[in-house]
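Visitor: Respectively, the protein sequence lines represent chains A and B.
So that you can map any letter, position 65 of the first sequence is 65 in this note's numbering, and since no number is skipped, the others follow by simple counting.
Convert by adding 247 to the 1-based position in the second sequence; the result is the number in this note's numbering.
2 protein chains.
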Amino acid sequence: MTNRESGQRTETLQGPTPTAARDVVADGFDREAIVTVYGRCTVDYDGRASSHLEAGDRHVMLKPDGAALVHTDEGQQPVNWQPPGCDHDVFCEDGTLVLESRRPTPEERLCVRFQEVLQVSAFAGTDETELALVGTEEDLRRRILKEPALLEAEFTPLATERDTPAGAVDIYGEDAAGRAVVVELKRRRVGPDAVSQLRRYVDALERDLHADAAVRGILVAPSVTDRANRLLTEHGLEFVSLEPPAE
Amino acid sequence: MTNRESGQRTETLQGPTPTAARDVVADGFDREAIVTVYGRCTVDYDGRASSHLEAGDRHVMLKPDGAALVHTDEGQQPVNWQPPGCDHDVFCEDGTLVLESRRPTPEERLCVRFQEVLQVSAFAGTDETELALVGTEEDLRRRILKEPALLEAEFTPLATERDTPAGAVDIYGEDAAGRAVVVELKRRRVGPDAVSQLRRYVDALERDLHADAAVRGILVAPSVTDRANRLLTEHGLEFVSLEPPAE
DNA sequence: ATATACATGTCGAGA
DNA sequence: TCTCGACGTGTATAT
């Protein structure tokens with residue numbers, strides 16, 4: 001089965017020869033298409049780490065922005081990949097199709113060698129729209145700024161992303177007594193890492209203000225783990241249960 | 248162009264009717280194949296957060312383990328997805344193809360509605376092999392255990408994954424003077440988070456041993472950021488530059 | 001199922 | 001370019 005319509009949005013060959021497959025892939029690169037190849041292949045990666053994969057049937061996707069993905073029939077994550085910004089290359093070697101994707105800084109190389117190509121496709125299309133996502137940490141922040149009493153009565157937000165030597169604080173403000181308050185937001189249940197983060201900010205701000213009065217630190221999240229809760233107590237930090245808005 | 252060979256490893260239709268596309272998808276599910284659909288669609292997600300995507304051309308992959316991936320022509324990450332363990336469903340509604348993927352705990356739902364299906368494929372294959380990966384934190388640990396002097400002269404490893412109230416320490420040991428040493432490993436350049444992590448372990452171990460002598464904390468990584476370095480100094484922690492083995 | 005930390009994490013913002 | 005922290009993080013392991 002063959003199908004070559006270069007002007008069309010999709011182009012697909014089944015069971016192609018290596019050279020025919022190469023031509024579809026190369027044409028797909030030229031047309032800024034998403035190129036996919038399914039077949040039996042080995043995969044080698046070398047860069048931040050190194051990996052090797054023996055022959056098996058996999059689905060390879062090459063995007064026009066330079067991203068590469070090698071998927072098996074399991075897992076949400078690709079078994080091998082390359083980030084956007086890579087240069088894709090296709091050629092035939094010893095009568096087999098080879099896909100290669102490289103990038104500099106860091107030097108990384110992904111190489112897929114096909115013993116057998118079952119199908120090759122090129123998908124050209126348009127997608128102008130952007131994802132509308134609700135329920136992020138940003139949404140949680142807006143919720144609190146709109147209604148500070150959700151945190152505690154008479155809390156007054158003074159700044160977001162306030163800079164400290166340890167990094168930017170999510171919300172900085174003061175309580176009814178005029179004490180400085182550092183608020184760290186998390187959209188979901190948190191563990192010890194989030195407590196450490198809050199602690200760094202509180203420490204840094206206490207030094208920064210070189211005030212005698214302690215800075216209050218409040219962790220805002222739907223819930224905390226046991227160990228995180230112990231850490232909070234240990235360091236005199238507080239917790240307020242609050243979720244991002246549902247819609 | 249049509250191709251229906253149910254016994255074969257691949258099955259593909261181009262420009263199918265919604266019902267024909269549905270049949271290929273359903274048959275792919277039955278055969279434990281990787282199913283892909285390319286076409287113009289809207290995508291809705293609701294679960295830990297919520298998202299909506301207006302119509303555009305996208306590549307959807309449904310895996311037999313329940314994973315779902317929606318890819319645009321940009322980015323390494325899918326614009327929407329569903330983790331393994333979901334139940335995939337396919338049907339026609341108002342003359343259009345609909346793909347739905349759900350899971351309980353947490354309740355999450357992904358729905359892709361196609362205005363137009365340009366291609367649908369089912370890929371059945373085998374992949375027995377496992378990825379051989381080198382250059383992980385585990386490799387770095389083995390390197391140090393094999394040659395403890397890389398850390399410092401006369402360092403003696405006593406345990407890996409030693410438990411403390413704050414969590415498991417990567418390597419626990421003692422130095423030439425017999426002082427307790429906590430080693431935290433990172434396979435790449437680290438920021439403040441890794442220092443906080445090491446600090447938690449050192450604190451916890453000092454309490455656990457309720458010894459008067461301070462516990463040494465050593466961060467092992469290729470390098471550290473400025474801020475992380477300041478935090479190390481601030482808390483009396485140490486740094487040793489070491490990388491995972493290259494091969 | 002929950003908790004904890006790793007990951008070739010990826011991604012985006014800010015300096 | 002580098003740093004830093006969020007992410008519907010995913011993934012594995014141990015409890």
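Don't be surprised by glycine CBs; every beta carbon is placed ideally from N, CA and C.
Reducing DSSP to helix, strand and coil, say where Ala427 (chain B) ends up.
Guide: Translated into the one-based positions of the second sequence, residue 427 (chain B) becomes position 180. Ala427 (chain B): strand per DSSP, three-state reduction.
Visitor: Throw me the rounded Cβ distance for the Arg141 (chain A) and Thr160 (chain A) pair, which I believe falls under 8 Å.
Guide: Here residue 141 (chain A) is taken as the residue at index 141 of the first sequence, counted from 1. Here residue 160 (chain A) is taken as the residue at index 160 of the first sequence, counted from 1. Arg141 (chain A) to Thr160 (chain A), Cβ: 7 Å. Contact.
Visitor: Let me confirm a value: Gln197 (chain A) is counted as buried when at least 16 other C-beta atoms fall within 10 Å, else exposed. Which label applies?
Guide: Your numbering for residue 197 (chain A) matches position 197 in the first sequence. Buried, because 16 or more other Cβ atoms sit within 10 Å of the Cβ of Gln197 (chain A).
Visitor: Do Tyr448 (chain B) and Ala413 (chain B) have their C-beta atoms closer together than 8 Å?
Guide: In the second sequence, counting from the first residue as 1, residue 448 (chain B) sits at position 201. In the second sequence, counting from the first residue as 1, residue 413 (chain B) sits at position 166. Going by beta carbons, Tyr448 (chain B) and Ala413 (chain B) fall inside the 8 Å limit.
Visitor: According to DSSP, is Gln14 (chain A) part of a helix, a strand, or is it coil?
Guide: The residue given as residue 14 (chain A) occupies position 14 in the first sequence. Three-state DSSP puts Gln14 (chain A) in a strand.
Visitor: Take the Cβ of His318 (chain B) as the centre, count every other Cβ of all protein chains shown within 10 Å, and call the residue buried at 16 or more, exposed below.
Guide: As a working note, residue 318 (chain B) is residue 71 in the second sequence. Buried: at least 16 other Cβ atoms inside 10 Å.
Visitor: Find out if the Cβ-Cβ distance for the pair Leu97 (chain A), Tyr45 (chain A) is shorter than 8 Å.
Guide: Residue 97 (chain A) sits at position 97 when you count from the first residue of the first sequence. Residue 45 (chain A) sits at position 45 when you count from the first residue of the first sequence. In this structure, Tyr45 (chain A) does not lie closer than 8 Å to Leu97 (chain A) by Cβ.
Visitor: Would DSSP call Ile76 (chain A) helix, strand or coil?
Guide: Looking up residue 76 (chain A) in the first sequence gives position 76. Per the sequence presented here, residue 76 (chain A) reads as Gln, with Ile not at that position. In the three-state reduction of the DSSP assignment, Gln76 (chain A) falls in the coil class.
Visitor: For Arg269 (chain B), which residues in the same chain have their Cβ closer than 8 Å to its Cβ, ignoring the five residues on either side in sequence?
Guide: Your numbering for residue 269 (chain B) matches position 22 in the second sequence. Here the set comprises Val337, Phe338, Cys339, Leu344.
Visitor: Pick helix, strand or coil for Arg287 (chain B), following the three-state DSSP scheme.
Guide: One-based indexing of the second sequence puts residue 287 (chain B) at position 40. It is a strand residue.
Visitor: Where does Arg278 (chain B) sit, in a helix, a strand or coil, going by DSSP?
Guide: Taking the first residue of the second sequence as position 1, residue 278 (chain B) is located at position 31. Three-state result, Arg278 (chain B): coil.
Visitor: Considering Cα atoms alone, identify which of A:Ala194, A:Glu54, A:Pro245 is closest to Leu150 (chain A).
Guide: The count along the first sequence starts at 1 and reaches residue 150 (chain A) at position 150. Minimum Cα distance to Leu150 (chain A) is reached at A:Pro245.
Visitor: Could you give the C-beta distance for Val367 (chain B) and Val271 (chain B), rounded to a whole number, given that I count them as a contact under 8 Å?
Guide: Stepping through the second sequence from its first residue, residue 367 (chain B) is reached at position 120. Stepping through the second sequence from its first residue, residue 271 (chain B) is reached at position 24. Rounded, the Cβ-Cβ distance is 5 Å, consistent with contact.
Visitor: Could you give the distance in angstroms between the alpha-carbon of Met1 (chain A) and the alpha-carbon of Glu363 (chain B)?
Guide: Taking the first sequence and counting its residues from 1, one reaches residue 1 (chain A) at position 1. Taking the second sequence and counting its residues from 1, one reaches residue 363 (chain B) at position 116. Only weak support exists for where Met1 (chain A) lies, its pLDDT of 49 falling under 50; the coordinates are left without a value.
Visitor: Would you mind giving the Cβ-Cβ distance between Gly135 (chain A) and Ala296 (chain B), rounded to the nearest angstrom? I have them listed as a contact below 8 Å.
Guide: Position 135 of the first sequence holds residue 135 (chain A). Position 49 of the second sequence holds residue 296 (chain B). So it is a contact: roughly 3 Å between Cβ atoms.
Visitor: With 8 Å as the threshold, decide whether the Cβ of Leu378 (chain B) is near any Cβ in chain A.
Guide: As a first step, residue 378 (chain B) must be located in the second sequence, where it is residue number 131. Yes, because at least one Cβ of chain A sits closer than 8 Å to the Cβ of Leu378 (chain B).
Visitor: Please determine, among A:Thr19, A:Arg179, A:Pro192, A:Gly56, the residue with the shortest C-alpha to C-alpha distance to Arg256 (chain B).
Guide: Along the second sequence, one-based indexing puts residue 256 (chain B) at 9. With distances taken between Cα atoms, Arg256 (chain B) lies closest to A:Gly56.
Visitor: Does the Cβ-Cβ distance between Arg58 (chain A) and Cys86 (chain A) come in under 8 Å?
Guide: As a working note, residue 58 (chain A) is residue 58 in the first sequence. As a working note, residue 86 (chain A) is residue 86 in the first sequence. No, Cβ-Cβ distance for Arg58 (chain A) and Cys86 (chain A) is not below 8 Å.
Visitor: Determine the chain B residues that contact Lys63 (chain A) at a beta-carbon separation under 9 Å, and present them in chain order.
Guide: Numbered from its first residue, the first sequence carries residue 63 (chain A) at position 63. Going along chain B in sequence order, the residues near Lys63 (chain A) (Cβ under 9 Å) are His318, Thr319, Asp320, Glu321, Gly322, Gln323.
Visitor: Could you say which of B:Val326, B:Arg349, B:Gly286, B:Arg278 lies nearest to Gly125 (chain A) if we only look at CA atoms?
Guide: By 1-based counting over the first sequence, the position of residue 125 (chain A) is 125. Among B:Val326, B:Arg349, B:Gly286, B:Arg278, the Cα nearest to that of Gly125 (chain A) is on B:Gly286.
Visitor: Just the Cα atoms here: how many angstroms apart are Phe123 (chain A) and Asp65 (chain A)?
Guide: Taking the first sequence and counting its residues from 1, the one referred to as residue 123 (chain A) is at position 123. Taking the first sequence and counting its residues from 1, the one referred to as residue 65 (chain A) is at position 65. So the two alpha carbons sit approximately 14 Å from each other.
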